[in-house]
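When we follow full-length UniProt numbering, the leftmost residue of the sequence shown carries the number 1, and every step to the right adds one.
Here the structure is laid out as structure tokens; the discussion comes afterwards.
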Amino acid sequence: MTTTDTDTTSGPATDPPAIETHQLVKVFGTNRAVDGIDLRVPAGTVYGVLGPNGAGKTTAVRMLATLLRPDGGEARVFGKDVVRDADAVRARVSLTGQYASVDEDLTGAENLLLLGRLLGHGKAAARQRAAELLEAFGLADAAGRQVKNYSGGMRRRIDIAASILNTPDLLFLDEPTTGLDPRSRNQVWDIVRAVVAQGTTVLLTTQYLDEADQLAARIAVIDHGKVIAEGTKGELKASVGSGSVHVRLREAGQRPAAERVLTSVLDATVTLDPDPVALTATVDGRASELGAAEEAARALAELARAGIAVDNFALGQPSLDEVFLALTDRRTGDGRDGAGPDGRGPDGGGPDGGDGTRVDDPTERTTAR
Ligand SMILES: Nc1ncnc2c1ncn2[C@@H]1O[C@H](COP(=O)(O)OP(=O)(O)O)[C@@H](O)[C@H]1O
Ligand SMILES: [Mg+2]
């Protein structure tokens, strides 16, 4: 556990983390949307909060950004309590799309200029900052167009630009790339990297494992309002499985037999790749005391013994997708017990259930305080 004493003797070595929460809780009716979350986000990094729709990401972010009052536990941002010192917190954070309300009827340039003026910049300074950001975000050509005519990707970029007019110490990006095409996602990723390079800490929520993988130094996986795993990507991967065994057979006809062998030898989940001669076994880390390499060698020997010709064999770390599935499966596995009181289904029967694509708009504009 971490120390909880606050060192007031100053000095960089004792700077508080960007975010520190202890048993943070938010309840909506009977729904414990955030159910006792402990987080520690070091300053100067991208911290990923990864979870499916309805996991509690936005609720957690809104508490940290002082937009929503916690029902339990506590949260500090750069050492300041989000309830008692809300003003001090607000002075250092920015939340994409919420503090910075982009007006659809104005052009990109007008929006940034107006917001810059509202933030107290002089006319020339505001103009210059707007121009810088439009250029940096690839929006210079669209600067004179009304935001309502922007594409989804451009809209997301102008939102982020607006939220960093004054370089915040901590930027919350709540699902910044949900719904974007791959090219726009890459542009947003580049922007996030640039923002961090300038010293801003970023808390990024996402449903996309590859996004967390690309950007985040550490990741907290949350589900049903709880942190179910936390660590660096490497730690998360190591905690779940020792690896994936990828096998290419000489003959497609032998795949069913290979599947049986791998399933029984490795006690693994075997998936059949689209390529008819290939299959992948995810080795369960908990089961393999031997370590991934030995498990893989054993599997290879068993395939040979069964007369199955293998053309290619590779051992890799599990992807974050595999990590996530393993973590959430495990949870559903022991789900019903422990958690008891919140009864109801894990999905809370909420409106966000089924289609899995439509999440709350990350650029949502909650009536800012
Ligand atoms: N204002 C609200 N009133 C009632 N329930 C809410 C409200 N906001 C969120 N919820 C519920 O809290 C849970 C977590 O939601 P949310 O934090 O938006 O998740 P995420 O951002 O991870 O998709 C969901 O079950 C959602 O339906
Ligand atoms: Mg959300």
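Just so it is clear, CB atoms sit at the ideal spot from N, CA and C, and this is done for glycine as well.
What are the boundary residues of the alpha helix (DSSP H) that includes residue i?
i, result
"residue 128", "123 to 136"
"residue 190", "182 to 197"
For residue i, which residues in the same chain have their Cβ closer than 6 Å to its Cβ, ignoring the five residues on either side in sequence?
i, result
"residue 377", "Outside the displayed range of the chain (1 to 369) lies residue 377, so it cannot be described from this structure."
"residue 96", "159, 160, 163, 173"
"residue 51", "57, 222, 223"
"residue 62", "68"
"residue 76", "20"
"residue 272", "279"
"residue 324", "209"
"residue 246", "280, 314"
"residue 218", "47, 232"
"residue 337", "The predicted model places residue 337 with a pLDDT of 35, which falls under 50 and marks its position as unreliable, so this point remains unresolved."
"residue 383", "Any answer about residue 383 is impossible in this case: the structure gives the chain only from 1 up to 369."
"residue 136", "none"
"residue 166", "119"
In chain order, what residues of the same chain lie with their CB nearer than 8 Å to the CB of residue i, ignoring the 5 residues before and after it?
i, result
"residue 248", "275, 277, 278, 310, 311, 312, 313"
"residue 180", "152, 153, 156, 188"
"residue 36", "23, 24, 25, 72, 73, 225, 226"
"residue 177", "156, 184, 185, 188, 189, 206, 208, 211"
"residue 104", "146, 147, 148"
"residue 259", "270, 272, 279"
"residue 308", "249, 254, 257, 258, 261"
"residue 304", "310"
"residue 300", "310, 313"
"residue 296", "243, 245, 283, 313, 315"
"residue 123", "117"
"residue 372", "Because residue 372 is not part of the residues shown, which for the chain are 1 to 369, the question remains open."
First and last residue of the beta strand (DSSP E) that includes residue i?
i, result
"residue 159", "It is not in any beta strand (DSSP E) - residue 159 instead sits in the alpha helix (DSSP H) that spans 152 to 163."
"residue 23", "19 to 28"
"residue 174", "170 to 174"
"residue 203", "201 to 206"
Sorted by chain position, which residues of the same chain lie with C-beta nearer than 7 Å to residue i's C-beta, five sequence neighbours on each side aside?
i, result
"residue 109", "130, 134, 143, 144"
"residue 127", "113"
"residue 370", "The structure shown does not extend to residue 370, since the chain is modelled only from 1 through 369, so no value can be given for it."
"residue 17", "40, 41, 42, 43"
"residue 268", "262, 281, 282, 283, 284"
"residue 80", "88, 89"
"residue 102", "111, 147, 158, 159, 162"
"residue 140", "134"
"residue 298", "265"
"residue 328", "223"
State yes or no: is the C-beta of residue i nearer than 8 Å to some heavy atom of ligand 4?
i, result
"residue 19", "Ligands in the displayed structure: ligand 1 and ligand 2; ligand 4 is not one of them."
Examine the Cβ distances between the stretch 84 to 94 and the stretch 242 to 257 and report whether three or more of them are shorter than 8 Å. No, the stretch 84 to 94 does not touch the stretch 242 to 257.
Indicate whether the contact test is met: 3 or more Cβ pairs, each with one atom in the stretch 185 to 201 and one in the stretch 113 to 132, closer than 8 Å. no
Counting only runs of 4+ residues fully inside the stretch 211 to 246, write out the alpha helix (DSSP H) ranges in chain order. 233 to 240
Three Cβ pairs or more, each shorter than 8 Å: is that satisfied between the stretch 230 to 237 and the stretch 258 to 265? no
Where are the beta strand (DSSP E) runs, 3 residues long or more, that stay fully inside the stretch 40 to 121, in chain order? 46 to 50, 72 to 77, 93 to 95
At which residue ranges does the stretch 254 to 318 contain complete beta strand (DSSP E) runs of 3 or more residues, listed in the order of the chain? 269 to 272, 278 to 284, 310 to 316
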